[in-house]
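Residue numbers (the working numbering): 99 to 394.
Following: one structure in structure tokens, then a few remarks.
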């Protein structure tokens, strides 16, 4: 299968959730192609820009073009912030995802879920199993490690603000060089453009600060309760698990147990990556494309 582009055109669109919030998404590729659309769901504080390279690639493979949709959850990216921070929950975000599928009249999708997005993918398996044609879990499983959540919470508490894009890229490098030791200067700058936005002359994280409140309520002295029952809902679905080599969220032991529960599961380790793989490296893009093409 030939490669697609990593910088394809897309349309910025939005829809209205059931509670009236405007939620944004990026729409790539042919609207009415024969292939199963791909739905990309980001991590806790992240947004649709994380998937630009992957969505571009999947939507533009010559002879294999398909629609790809990348959602901004409420409170992230171009979507409205929620005045009630308690709505920053998996249950509410799952409802938003199902609303999006209904709005776009999508009966079936392949889901690529990074971290929190993968949790939503597992919940979709329980709530609307017929909608799933394939699932890619990017550095997430039914057992989440507390130390990774502690690191994420500390980053959110610090909420770094920069005076320019060079400073933002340098701040990311200082925080995350251990997670992504092989990134170049240009790649750190590209990552900063995905994570931050300009606001009143400053560069700030592109999410509602109130996202921290639900995380602050968690007791992270122990790992959260596992969700193996929800993972089991994917037993009928082709499944690919990607794990960052240095991940502090998804252990190799959890991946091994996932294999035992889902014997047809495929998995791969992404080198030089922590939590979570950035989904920009050509070998990773090809692996995902080949998996989705074979599964749908």
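Even for Gly, the Cβ is constructed at its ideal location relative to N, Cα and C.
Item	Value
Assuming residue 262 is part of the alpha helix (DSSP H), what are its boundary residues?	Per DSSP, residue 262 belongs to no alpha helix (DSSP H) and is neither H nor E.
Do you know whose CA, among 244, 235, 269 and 113, lies nearest residue 201's CA?	113
Let's see if you can read the secondary structure: which residues bound the beta strand (DSSP E) around residue 122?	120 to 126
Under three-state DSSP, which class holds residue 352?	helix
Which residues mark the beginning and the end of the alpha helix (DSSP H) in which residue 380 is found?	380 to 393
Do residue 239 and residue 230 have their C-beta atoms within less than 7 Å of each other?	no
Kindly indicate which residue of 322, 394, 278 and 391 has the alpha-carbon position closest to the one of residue 370.	278
According to DSSP, residue 236 sits in a beta bridge with which residue or residues?	212 and 340
Pull up the distance between the alpha-carbon of residue 247 and that of residue 128, whole angstroms please.	37 Å
Does DSSP put residue 181 in a helix, in a strand, or in coil?	coil
If you run the structure through DSSP and keep just helix, strand and coil, what is residue 44?	The chain is shown from 99 up to 394; residue 44 falls before or after that span and cannot be answered.
Could you tell me the alpha carbon to alpha carbon distance between residue 314 and residue 99, rounded to whole angstroms?	46 Å
Go through its chain and collect everything with a Cβ distance to residue 177's Cβ below 6 Å, but skip five positions before and after it.	121, 122 and 170
Could you check which residue in 362, 346, 312 and 375 has the C-alpha nearest to that of residue 334?	362
Rounding to the nearest angstrom, what Cα-Cα distance links residue 307 and residue 291 in this structure?	18 Å
Bridge partners for residue 297 per DSSP, in chain order?	300
Would you grab the beta carbon distance between residue 108 and residue 125 for me? Rounded to a whole angstrom, and I think it's under 8 Å.	6 Å
Got a sec? Which residues, its chain only, sit under 7 Å from residue 385 by beta carbon, not counting five neighbours each side?	366
Straight-line CA distance for residue 250 to residue 101?	34 Å
If you draw a straight line from the C-alpha of residue 326 to the C-alpha of residue 118, how long is it?	33 Å
Within the chosen definition, does the segment 285 to 303 reach the segment 261 to 277 through at least 3 CB pairs nearer than 8 Å?	yes
With a 10 Å radius around its C-beta and 16 neighbouring C-beta atoms as the bar for buried, classify residue 316 as buried or exposed.	exposed
Alpha carbon to alpha carbon, how far is residue 329 from residue 391?	22 Å
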